[in-house]
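**Student:** Please read through the structure below; I'll follow up with questions.
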Amino acid sequence: MKLVNYQLQTQMEQLNEEKSNNYFKDYLTSILEDDTKPYYQKCDYVGLSLNEIKNKIDLLSSDIKELQAFKKRLSSSLDIAKELVANVFKSNGIDRIDGNIVSSLTLSKPLTKTKTDISILDEQEVMKLGYVKFSPDIEAIEKAMKSDMGKKELSEFVTIVKITTTTPAKVKVNTKRLSVPSNSVNNVVDEIITIEPLEQAA
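So the mapping is simple: this note's numbering equals the position in the sequence shown, first residue as 1, plus 2.
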């Protein structure tokens with residue numbers, strides 16, 4: 003596990019849509035224009051920095067999933083514990099205990115909820131009686147609007163607005179199997195880390 007971030011990775015983690023990111027572009031440009039480093043080291047430096055952030059995201063996603071499952075188990079355990087404590091109190095004729103740090107322990111009243119579940123035995127007969135809900139078929143409308151007849155028929159009642167979304171180009175990290183130990187790769191990349199970062203604009 004890598005304990006120290008690459009300088010470029012640190013710069014990437016500070017990027018924000020709500021502020022200027024020119025300092026990052028300037029820093030990356032200085033790396034690319036550095037003639038003392040071969041192109042493959044620059045590629046590795048950028049690619050590994052991106053991958054390290056992705057690894058952090060994957061690790062956080064895994065941790066969040068485990069924490070959510072742990073929270074669910076604890077919530078269930080807490081409810082069971084409260085019910086069992088209440089049962090023991092009841093069996094011993096206790097409805098309240100006063101404490102020193104805890105003000106008191108009291109029993110809540112049992113809560114009963116009734117939910118109505120309707121099972122329809124004959125849907126057609128129910129709908130014939132008028133118990134039915136209609137809504138426009140968007141898929142059929144979209145298909146009809148592609149024909150002259152459909153446009154003429156629906157033009158007064160339907161407006162089509164085309165929404166175009168453009169996704170900016172993003173760099174893709176294409177990994178390959180390493181024929182050398184990973185620690186030696188890190189040693190090579192470490193040479194690039196010595197580049198001094200540009201000061202971030204206020």
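Glycine included, each C-beta is placed from N, C-alpha and C at the ideal position.
To the nearest angstrom, how far is the alpha carbon of residue 122 from that of residue 134?
**Tutor:** Numbered from 1 along the sequence shown, position 120 holds the residue referred to as residue 122. Numbered from 1 along the sequence shown, position 132 holds the residue referred to as residue 134. The alpha-carbon atoms of residue 122 and residue 134 are separated by roughly 12 Å.
**Student:** Pull up the CB-CB distance for residue 88 and residue 109, whole angstroms please, since I reckon it's below 8 Å.
**Tutor:** Within the sequence shown, the letter at position 86 stands for residue 88. Within the sequence shown, the letter at position 107 stands for residue 109. Rounded, the Cβ-Cβ distance is 5 Å, consistent with contact.
**Student:** Excluding five sequence neighbours on each side, which residues of the same chain lie with their C-beta closer than 8 Å to the C-beta of residue 97?
**Tutor:** On the sequence shown, residue 97 is found 95 positions in, with the first residue counted as 1. Result list for residue 97: 91, 108 and 109, in chain order.
**Student:** Quick check on the DSSP output: the beta strand (DSSP E) that includes residue 165 runs from which residue to which?
**Tutor:** On the sequence shown, position 163 is the one that residue 165 refers to. That residue, residue 165, is in no beta strand (DSSP E); it is neither H nor E in DSSP.
**Student:** Can you look up residue 17 in the DSSP assignment and give me helix, strand or coil?
**Tutor:** Here residue 17 refers to the residue found at position 15 when the sequence shown is read from its first residue. DSSP places residue 17 in coil when its eight states are reduced to three.
**Student:** Do residue 14 and residue 51 come within 8 Å of each other at the CB atom, strictly closer than that value?
**Tutor:** The residue you call residue 51 lines up with position 49 of the sequence shown. The residue you call residue 14 lines up with position 12 of the sequence shown. In contact: residue 51 and residue 14 (Cβ atoms closer than 8 Å).
**Student:** Starting from the Cα of residue 11, find the closest Cα among 54, 144, 34 and 142 and give me that residue.
**Tutor:** Taking the first residue of the sequence shown as position 1, residue 11 is located at position 9. Checked all of 54, 144, 34 and 142; the closest Cα to residue 11 is 54.
**Student:** Measure the alpha-carbon distance for residue 117 versus residue 111 and round it to whole angstroms.
**Tutor:** Looking up residue 117 in the sequence shown gives position 115. Looking up residue 111 in the sequence shown gives position 109. Their backbone Cα atoms lie some 19 Å apart in a straight line.
**Student:** Residues in its own chain within less than 8 Å of residue 160 by CB, not counting five upstream and five downstream?
**Tutor:** Counting from 1 along the sequence shown, the entry for residue 160 is found at position 158. 143 and 147, listed in sequence order.
**Student:** Roughly how many angstroms separate the alpha carbons of residue 81 and residue 75, rounded to a whole number?
**Tutor:** In the sequence shown, the residue the question calls residue 81 occupies position 79. In the sequence shown, the residue the question calls residue 75 occupies position 73. Residue 81 and residue 75: Cα-Cα distance of roughly 10 Å.
**Student:** DSSP three-state call for residue 199: helix, strand or coil?
**Tutor:** In the sequence shown, counting from the first residue as 1, residue 199 sits at position 197. Note that residue 199 scores 48 on pLDDT, short of 50, meaning its location in the model is unreliable; the coordinates nonetheless yield the value given after this. Residue 199 falls in the coil class under three-state DSSP.
**Student:** Please say whether residue 17 and residue 26 have beta carbons closer to each other than 8 Å?
**Tutor:** The residue labelled residue 26 in the question sits at position 24 within the sequence shown. The residue labelled residue 17 in the question sits at position 15 within the sequence shown. Yes, these two residues count as a Cβ contact at 8 Å.
**Student:** Closest to residue 177 by C-alpha separation, out of 19, 31 and 47, would be which residue?
**Tutor:** In the sequence shown, counting from the first residue as 1, residue 177 sits at position 175. Out of 19, 31 and 47, 47 has the C-alpha closest to the C-alpha of residue 177.
**Student:** Among all the DSSP beta bridges, which residues are the ones paired with residue 100?
**Tutor:** In the sequence shown, residue 100 corresponds to position 98, counting from 1. BP columns for residue 100 point to 106.
**Student:** Taking 8 Å as the cut-off, decide whether the C-beta atoms of residue 163 and residue 49 are in contact.
**Tutor:** For the purposes of this step, residue 163 is taken as the residue at position 161 of the sequence shown. For the purposes of this step, residue 49 is taken as the residue at position 47 of the sequence shown. Not in contact: residue 163 and residue 49 (Cβ atoms no closer than 8 Å).
**Student:** Name the two residues that bound the continuous alpha helix (DSSP H) containing residue 92.
**Tutor:** For this step, residue 92 is matched to residue 90 along the sequence shown. Residues 41-93.
**Student:** If residue 106 sits next to residue 100, beta carbons under 8 Å apart, how far is it from one beta carbon to the other, in whole angstroms?
**Tutor:** For the purposes of this step, residue 106 is identified with residue 104 of the sequence shown, where counting begins at 1. For the purposes of this step, residue 100 is identified with residue 98 of the sequence shown, where counting begins at 1. Sure, about 5 Å apart at Cβ, within 8 Å.
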